[in-house]
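What follows is a set of notes on a single structure, which appears directly below.
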Amino acid sequence: MDSWFFTRRPRPDAAVRLYCLPYAGGGASVFHDWPDLVGPDVEVHAVALPGRERRFGEDPEFDLTELAEAFAAHDDSRPFALYGHSLGGLVGFEVIRWLRRTGARLPVRLYAGACRAPHVRTPGPFLGLSRLPDDELVRQVADGGGIPAEVLAEPELMELVLPALRADFARIDDYEYVPGPPIEVPVVAFAGRTDHAVPLDQVRAWAPHTAAGFHLTVLDGGHFFLRESCEELVAALSADLRAAVAVRGE
1 MDSWFFTRRP RPDAAVRLYC LPYAGGGASV FHDWPDLVGP DVEVHAVALP GRERRFGEDP
61 EFDLTELAEA FAAHDDSRPF ALYGHSLGGL VGFEVIRWLR RTGARLPVRL YAGACRAPHV
121 RTPGPFLGLS RLPDDELVRQ VADGGGIPAE VLAEPELMEL VLPALRADFA RIDDYEYVPG
181 PPIEVPVVAF AGRTDHAVPL DQVRAWAPHT AAGFHLTVLD GGHFFLRESC EELVAALSAD
241 LRAAVAVRGE
């Protein structure tokens with residue numbers, strides 16, 4: 001189960017764990033700097049999805065139930081929270097719903113960054129990409145800032161990344177929200193001020209999906225504000241997470 005999680009800086013004495021789910025095509029390295037920014041009382045676990053980075057040799061089309069089971073098995077009784085960026089937010093939401101169905105412990109927060117609410121199906125620049133030819137898929141994702149320049153410049157590296165990219169956008173295209181009761185987990189959403197892929201109203205639409213409170217913070221940057229405003233994002237998230245743990249007395 002530990003293959004699903006990468007901890008660059010283990011902190012067994014930290015008060016809380018933060019699990020981070022990347023955007024489509026992204027890997028655990030997206031959150032490389034976060035352990036240095038959150039402070040010593042938070043242990044960061046980047047979710048290492050199959051078919052990318054350390055797990056390149058595996059099938060990128062993972063089973064959500066298997067991921068959720070890995071979360072449950074990784075529980076060490078400390079409070080924990082989930083941050084998911086774009087697709088990662090939807091994956092985090094469905095993991096929480098699985099944990100609830102099985103009676104497992106729930107996180108103290110779901111942080112959803114640049115992520116449309118689960119029920120929103122408004123056409124956007126990242127919908128329908130899995131049905132495009134490889135070159136057009138790469139072009140459109142690159143135009144949206146979703147592929148680092150150093151990856152685009154290396155055809156062999158791009159060839160390695162492409163299967164995970166396609167699998168993730170297929171997950172976006174195939175995702176169907178199944179109506180259910182709101183989660184008993186506060187949702188804290190982050191939106192990019194100039195995000196044209198997931199506009200503010202689609203992020204605000206998360207509110208009815210939680211029965212435990214909703215808060216929205218707008219940061220400078222576009223869809224990938226976690227790169228452009230990384231320090232601001234992590235500072236806001238860390239402060240909220242510490243407050244959540246303090247309120248619970250954990």
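Under this note's numbering, the first residue of the sequence shown is numbered 1, with each subsequent residue one higher. No residue lacks a Cβ here, since even glycine has one placed at the ideal position from N, Cα and C.
Look at residue i and residue j and say whether their C-beta atoms are less than 8 Å apart.
i	j	result
phenylalanine 5	arginine 54	no
valine 292	arginine 193	Residue 292 lies beyond the residue range present for the chain, which begins at 1 and ends at 250; the question has no answer from this structure.
leucine 18	histidine 45	yes
valine 38	serine 238	yes
valine 151	valine 141	no
phenylalanine 126	alanine 197	yes
valine 16	leucine 241	yes
leucine 165	glycine 25	yes
glutamate 231	glycine 221	no
proline 50	arginine 8	no
histidine 223	glycine 145	yes
phenylalanine 71	leucine 99	yes
proline 199	proline 182	no
tyrosine 175	serine 86	no
arginine 11	proline 40	yes
serine 130	alanine 170	yes
Looking only at DSSP bridge pairs, what is residue i linked to?
i	result
glutamate 262	One cannot answer for residue 262 here, as it falls past the ends of the chain, which runs 1 to 250.
tyrosine 111	Tyr83 and Val188
histidine 215	Val188
threonine 122	Threonine 122 pairs with nothing; no bridge assigned.
isoleucine 172	DSSP output for isoleucine 172 lists no bridge partner at all.
threonine 210	Ile183
phenylalanine 6	Ala46
Quick one: is residue i buried, meaning 16 or more other Cβ sit within 10 Å of its Cβ, or exposed?
i	result
aspartate 134	exposed
alanine 81	buried
arginine 109	buried
valine 178	exposed
serine 3	exposed
alanine 167	buried
glycine 88	buried
alanine 68	buried
threonine 210	buried
glycine 27	buried
aspartate 76	exposed
aspartate 195	buried
glutamate 247	Looking at the sequence provided, one finds valine at residue 247 rather than glutamate. With fewer than 16 Cβ atoms within 10 Å of its Cβ, valine 247 is classed as exposed.
proline 60	buried
glutamate 43	buried
arginine 97	buried
arginine 121	exposed
alanine 191	buried
arginine 52	buried
glycine 57	exposed
proline 107	buried
Specify whether the stretch 201-209 and the stretch 114-130 touch according to this definition: at least 3 beta carbon pairs, one from each stretch, less than 8 Å apart.
yes
Would you be able to state if there are at least three C-beta pairs under 8 Å between the stretch 177-192 and the stretch 208-217?
yes
Contiguous alpha helix (DSSP H) assignments of at least 4 residues, all confined to the stretch 52-108
64-74 and 87-102
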